Every structure is written in C-alpha cells, then in structure tokens.
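Step one of this worksheet: look at the structure below.
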DNA sequence: CAAAATGGTTTGTAACATAAACTTGTTTGT
DNA sequence: ACAAACAAGTTTATGTTACAAACCATTTTG
C-alpha cells in the first residue's frame with residue numbers, strides 16, 4: 308500500500324463529509340459565527356445543518372453555545388482545539404493523497420506493476 | 308457563498324468516498340489492473356471492493372472486464388474516459404476548496420463578517 | 001475424492017444524510 | 001387582545017450507503 312493510498316484511508320470521515328467540510332472550513336477561517344450565518348453561507352437547509360452541527364459537537368470538534376440576542380435565540384458555533392487539530396491532520400493527509408503538488412497529468416508515483 | 312464552499316459542495320460524491328478515491332487513484336496511475344491487485348493495494352475486503360467497483364461501473368467511471376487467465380477468473384478494471392474526466396474535475400474542485408496553495412495557517416480569504 | 005484455496009458476488013445490518021414536520025417562542029396585523 | 005405569520009432551530013422519518021459476513025462456483029492440493 309503506497310503513501311497516497313494510506314493517506315486516503317486515514318482521512319477522518321467526520322470531517323470528510325462535504326457538508327461538514329464546509330462548516331469546518333468556515334469556522335476555521337472566522338473564529339466564531341452563528342447558526343444563520345452558516346445556514347446562508349453554506350446553502351444547506353436547517354434540519355440538515357442542525358444534524359451536522361450535532362455530529363461535529365459529538366466528536367468534540369465544535370462548541371455549540373446557545374445564547375440570546377435580546378429575546379431572539381442565537382446559536383454560536385466555534386471550532387474546538389481538538390477540531391482544529393483534526394482539520395489540520397485531515398488537510399495533511401489530503402495533501403499527501405494528492406501528492407506531490409496537486410497538479411498531475413499524469414501522476415509521478417507509479418504503483419508496482421500489477422500482476 | 309464563497310468560491311471554496313461552492314467547490315466543496317460540487318465535489319462528486321461517487322468519487323469522494325475514500326474507498327472509491329483509492330480505487331480511482333490507482334486506476335488513474337496505471338492504465339489497468341485486476342481485482343486482486345486492487346484488493347491488496349487498498350487493503351479493502353473483497354465484498355467491499357466488489358460493491359464499490361459495481362458502483363463505479365454504474366456511474367460509467369470504470370470498465371469491468373471479466374476474463375480468464377487459463378482456468379482462473381480474472382477481473383480487469385480500467386478507468387473510462389468519463390471516469391478520468393470526472394476525476395480531473397474532482398481534483399480541480401478540491402484544489403479550489405483548499406485554495407490557494409493548500410498550506411494555510413490561517414486562510415487568506417476571510418468570509419464576510421458574520422452577523 | 002475430500003478438503004482447502006481462489007476469485008469473486010450476494011445479503012443483511014447498522015450508520016448516515018437529508019428534508020419534512022414539528023416545537024417554542026416572538027412579532028405583526030387588525 | 002388575539003390570531004396569523006415569522007424566527008430559529010430540533011426531531012422524526014425515510015431512503016441511501018458502506019461494510020463485512022456468508023455464500024457460491026470452480027480449481028487445486030493432499
């Protein structure tokens with residue numbers, strides 16, 4: 308099993324799901340935001356967003372803080388240290404997987420001749 | 308919705324699944340190989356590999372050719388033109404998603420200030 | 001010729017993503 | 001003041017998926 312394949316197989320599935328990848332990407336860039344911002348930015352629907360946020364919270368990748376803005380509920384989200392580390396590792400694996408420079412036609416590293 | 312998020316949401320789910328990403332990566336690099344080679348190279352189990360190959364075939368991303376080597380069955384796999392194109396597009400999206408140089412601490416492009 | 005190996009496929013199950021329906025409250029219109 | 005509409009999410013229901021265990025057909029080996 309070569310380097311690239313190993314890296315692919317190590318990709319964190321919690322992060323790998325595109326919806327969650329979007330969420331984490333946003334939270335990575337801006338320290339904190341609220342539910343509705345994510346909702347509009349990612350174009351997901353509410354139920355879906357809610358589920359993925361819960362999943363990320365269960366993995367300890369984000370913190371969900373429920374507050375009020377006046378009388379209106381406002382849910383704040385931010386990446387935890389664990390989440391940030393996990394995303395860094397994810398990116399590292401992705402980089403190895405699409406080694407070496409992410410431009411390739413064709414790939415440089417050829418696997419051993421198939422039998 | 309910014310560029311990166313749009314790129315993430317456009318990622319082809321058939322290709323995105325890590326097992327299939329491994330399969331396609333291998334087939335991309337070497338024109339053709341057989342079932343057992345893939346099996347060993349990816350460390351998947353047979354049932355799993357078989358299912359993912361069928362799925363890729365259903366998407367017209369690979370061609371499955373069942374031959375015999377003497378009396379022993381030998382299943383040959385190769386990427387179709389459609390599959391190759393789809394993988395190229397996938398890579399392009401991934402590259403945009405992890406814009407601009409795949410190294411980031413922190414990201415350069417900051418989304419609009421969250422409300 | 002029985003047992004093990006080869007090269008897979010099919011089947012069953014648990015996890016998952018998704019959206020529709022629901023909930024809890026707040027604001028608006030009359 | 002009270003009903004209707006809106007806001008901000010959550011829960012529930014459903015279809016899809018990934019996965020591995022069990023299975024199958026043939027071939028090789030002891």
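Residue numbers (my numbering), protein chains in the order written: chain A, 308 to 422; chain B, 308 to 422.
In this text, a Cβ means the ideal position worked out from N, Cα and C, and glycines have one as well.
Remember, it's a predicted structure, so these values are computed and weren't measured experimentally.
Run the CB neighbour count on residue i, radius 10 Å, all protein chains shown included, and call it buried at 16 or more, exposed below.
i                     : result
residue 359 (chain A) : buried
residue 348 (chain B) : buried
residue 329 (chain A) : buried
residue 331 (chain B) : buried
residue 380 (chain B) : exposed
residue 314 (chain B) : buried
residue 365 (chain B) : exposed
residue 376 (chain B) : exposed
residue 400 (chain A) : buried
Which residues in the same chain as residue i place their Cβ atom closer than 6 angstroms to its Cβ, once the five residues preceding and following it in sequence are excluded?
i                     : result
residue 391 (chain B) : none
residue 414 (chain B) : With a pLDDT of 41 at residue 414 (chain B), under the threshold of 50, the predicted position of this residue should be treated as unreliable, and no value is reported.
residue 346 (chain A) : 356
May I ask which residues mark the beginning and end of the beta strand (DSSP E) holding residue i?
i                     : result
residue 341 (chain A) : 339 to 341
Spatial neighbours of residue i within its chain, please: CB distance less than 7 angstroms, with the 5 preceding and 5 following residues excluded, ordered by chain position.
i                     : result
residue 383 (chain B) : 339, 341, 372, 374
residue 351 (chain A) : 326
residue 408 (chain B) : Bear in mind that the predicted position of residue 408 (chain B) carries a pLDDT of just 49, short of 50, making it unreliable; the figure below should be weighed with that in mind. Once the five neighbours on either side are set aside, residue 408 (chain B) has no close Cβ partner at all.
What does residue i touch in chain A if you count any residue whose Cβ is under 8 angstroms from its own?
i                     : result
residue 323 (chain B) : 323, 325
residue 349 (chain B) : 308, 312, 316
Which residues of chain B have a Cβ atom closer than 8 angstroms to the Cβ of residue i, listed in chain order?
i                     : result
residue 357 (chain A) : Within chain B, no residue comes near residue 357 (chain A); the closest Cβ sits about 18 angstroms away, beyond 8 angstroms.
Leaving out the 5 sequence neighbours to the left and right, which residues in its chain are closer than 8 angstroms to residue i when beta-carbon positions are compared?
i                     : result
residue 363 (chain B) : 321, 327, 330, 331, 369, 390
residue 397 (chain A) : 318, 319, 322, 323
residue 367 (chain B) : 387, 389, 390
At what residues does the alpha helix (DSSP H) containing residue i begin and finish?
i                     : result
residue 329 (chain B) : 325 to 336
residue 395 (chain A) : 388 to 404
residue 317 (chain A) : Unbroken run through residue 317 (chain A): none, as it is neither H nor E.
For a contact defined as C-beta to C-beta under 7 angstroms, what are the partners of residue i on chain B?
i                     : result
residue 328 (chain A) : 315
Inside the region 348 to 386 of chain A only - alpha helix (DSSP H) runs reaching at least 4 residues: Taking 4 residues as the minimum length, the alpha helix (DSSP H) runs contained wholly in the region 348 to 386 of chain A are 353 to 365, in order along the chain.
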